[in-house]
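Those protein sequences? They're chains C and B, same order as listed.
Mapping to our numbering: the first sequence position 184 is 184, numbers consecutive.
For any residue, its number in our numbering is found by taking its place in the second sequence, counting from 1, and adding 1000.
We treat Cβ as the ideally placed atom computed from N, Cα and C, and that holds for glycine.
As structure tokens, the structure follows; a few thoughts come after it.
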Amino acid sequence: MMPIRRMALLALSASVMVAAGAFGQSGDPQQAARSIALFREAGKVLQHPRCLNCHPAGDRTTQTDRMTPHRPMVIRGAKPEGFGAPGLPCGACHHAANYDESGVPGGPRWHLAPASMAWAGRSLGEICRQIKDPARNGGLNMADLLKHVSENELVGWAWAPGGKRTPAPGTQAEFGALMRAWFESGAACPAE
Amino acid sequence: MARFTLRLNATTRSVDVDGDTPLLWVLRDDLGLTGTKFGCGAALCGACTVFLGDVPTRSCSLPVAAVGSGEITTIEGVSGPVAAAVQRAWIARDVPQCGYCQSGQIISAIALLKAIRKPSDRDIDLAMNGNLCRCATYVRIRAAIHDAARELGG
């Protein structure tokens, strides 16, 4: 598999050449194959523990590179969704930045993704279709989605997690470029 | 070292410490408020819980520089009807055994009752499971929270 940095550079140059397509599959098999290849590369980030821990299946988050159940037990919570249970919100321990003295990670507005955005345990194809579905991606259109993955500070934490946590591969800018190239090549999804 | 002015228990206190010092050490070592306990230093046990605004916060995991203008309330400063109901329930149920974890338990219980007027057993478990008790007073804690909720009309 091509390293993510080289793939991102190719994606950047390709995005200049490829006209922005509709938010759907391309009719051109070669372009569709290329689009899927780009998404598979982006999937190295999407399916990385730094991302999946906060996009858990079910209500309970996981932690560490091994994705073990979070200690203490915390849940997604409903009011507001993603910020933990009353009495034990995420903000009880996680603050605006990583804190080496206690080893507790932190970032702006630390919280879990909504249940509709659960990725853990799902195939890359399922995640792809989920990301494209405004009913399951927080109502984002593709421009908003690309901005979110490229600029959101909490997303960006995945590349600067501190401690012994393995960062997501590449950089946030490269990930954003990959996602943009995927979209501009037709936003095709792997079958599985 | 830098000077930090903290809003603490309805007063204002100033300290000269490194900005990355855990709030817990500032409370205990610099300000003499030893009701808040050190347990694990890694936000795993809840013994160091204080209020930062309305949020029950692990003070071992919060650098003093991050407190800003937030209002800190420690076990020495909790007050009001919810705190009073919790205190009465804790005494009536004779909740503490060794007592070491109890200031954190009480802060979390107050936070829960402020958020949910009549918590279920599950609500209590979800809110309190970040506060460990090596004497295993969990059953009395849960009963005392129900008692306090009833007293508060929940």
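For residue i, does the count of other Cβ atoms within 10 angstroms reach 16, so buried, or fall short, so exposed?
i, result
"residue 1139 (chain B)", "exposed"
"residue 1060 (chain B)", "buried"
"residue 1102 (chain B)", "buried"
"residue 1093 (chain B)", "buried"
"residue 174 (chain C)", "buried"
"residue 1098 (chain B)", "exposed"
"residue 22 (chain C)", "At residue 22 (chain C) the pLDDT is 41, less than 50, meaning the model places this residue with poor confidence and gives no usable figure here."
"residue 1130 (chain B)", "buried"
"residue 141 (chain C)", "exposed"
"residue 61 (chain C)", "buried"
"residue 1039 (chain B)", "buried"
"residue 1117 (chain B)", "exposed"
"residue 79 (chain C)", "exposed"
"residue 1021 (chain B)", "buried"
"residue 35 (chain C)", "buried"
"residue 1005 (chain B)", "exposed"
Given a cut-off of 7 angstroms, decide if residue j and residue i are closer than it, judged by their beta-carbon atoms.
i, j, result
"residue 1002 (chain B)", "residue 1056 (chain B)", "no"
"residue 1050 (chain B)", "residue 1036 (chain B)", "yes"
"residue 1144 (chain B)", "residue 102 (chain C)", "no"
"residue 51 (chain C)", "residue 112 (chain C)", "no"
"residue 1064 (chain B)", "residue 1031 (chain B)", "no"
"residue 44 (chain C)", "residue 169 (chain C)", "yes"
"residue 110 (chain C)", "residue 90 (chain C)", "yes"
"residue 1132 (chain B)", "residue 1045 (chain B)", "yes"
"residue 108 (chain C)", "residue 81 (chain C)", "no"
"residue 176 (chain C)", "residue 150 (chain C)", "yes"
"residue 1062 (chain B)", "residue 148 (chain C)", "no"
"residue 178 (chain C)", "residue 42 (chain C)", "yes"
"residue 88 (chain C)", "residue 1148 (chain B)", "no"
"residue 1086 (chain B)", "residue 1106 (chain B)", "yes"
"residue 1095 (chain B)", "residue 1137 (chain B)", "yes"
Mind checking which residues open and close the beta strand (DSSP E) that includes residue i?
i, result
"residue 1004 (chain B)", "1002-1008"
"residue 1071 (chain B)", "1071-1073"
"residue 1158 (chain B)", "The first residue shown for chain B is 1001 and the last is 1154, placing residue 1158 (chain B) beyond what the model contains."
"residue 1052 (chain B)", "1049-1052"
Kindly indicate the opening and closing residues of the alpha helix (DSSP H) around residue i.
i, result
"residue 149 (chain C)", "142-151"
"residue 1108 (chain B)", "1102-1115"
"residue 1140 (chain B)", "1138-1151"
"residue 32 (chain C)", "29-46"
"residue 75 (chain C)", "Neither: residue 75 (chain C) is in no alpha helix (DSSP H) and is coded neither H nor E."
"residue 964 (chain B)", "Nothing about residue 964 (chain B) can be reported from this structure: the residues present for chain B run from 1001 to 1154 only."
"residue 1033 (chain B)", "It is not in any alpha helix (DSSP H) - residue 1033 (chain B) carries neither H nor E in the DSSP assignment."
"residue 173 (chain C)", "172-184"
"residue 49 (chain C)", "49-52"
"residue 1128 (chain B)", "1121-1128"
Which one of the options has the shortest CA to CA distance from residue i?
i, options, result
"residue 188 (chain C)", "C:164, C:172, C:129, C:157", "C:129"
"residue 67 (chain C)", "C:166, C:29, C:142", "C:166"
"residue 1125 (chain B)", "C:85, C:185, C:182", "C:85"
"residue 1073 (chain B)", "B:1091, B:1054, B:1081, B:1084", "B:1054"
"residue 83 (chain C)", "C:69, C:59, C:104", "C:59"
"residue 1150 (chain B)", "B:1133, B:1119, B:1004", "B:1119"
"residue 1089 (chain B)", "B:1109, B:1070, B:1076", "B:1109"
"residue 1152 (chain B)", "B:1123, B:1106, B:1104, B:1080", "B:1080"
"residue 122 (chain C)", "C:30, C:28, C:190", "C:190"
"residue 1010 (chain B)", "B:1028, B:1019, B:1004, B:1078", "B:1078"
"residue 117 (chain C)", "C:153, C:163, C:64, C:145", "C:145"
"residue 65 (chain C)", "C:124, C:57, C:164, C:153", "C:164"
"residue 105 (chain C)", "C:184, C:47, C:124, C:63", "C:63"
"residue 155 (chain C)", "C:49, C:73, C:30", "C:49"
"residue 132 (chain C)", "C:159, C:93, C:180, C:158", "C:180"
Going by DSSP, which residues form a beta bridge with residue i?
i, result
"residue 1014 (chain B)", "B:1005"
"residue 88 (chain C)", "C:85"
"residue 1082 (chain B)", "According to DSSP, residue 1082 (chain B) bridges with nothing at all."
"residue 122 (chain C)", "Answer by DSSP bridge pairing: none, since residue 122 (chain C) is not bridged."
"residue 1067 (chain B)", "Answer is none; residue 1067 (chain B) lacks a bridge partner."
"residue 62 (chain C)", "C:69"
"residue 1022 (chain B)", "B:1063"
"residue 104 (chain C)", "C:99"
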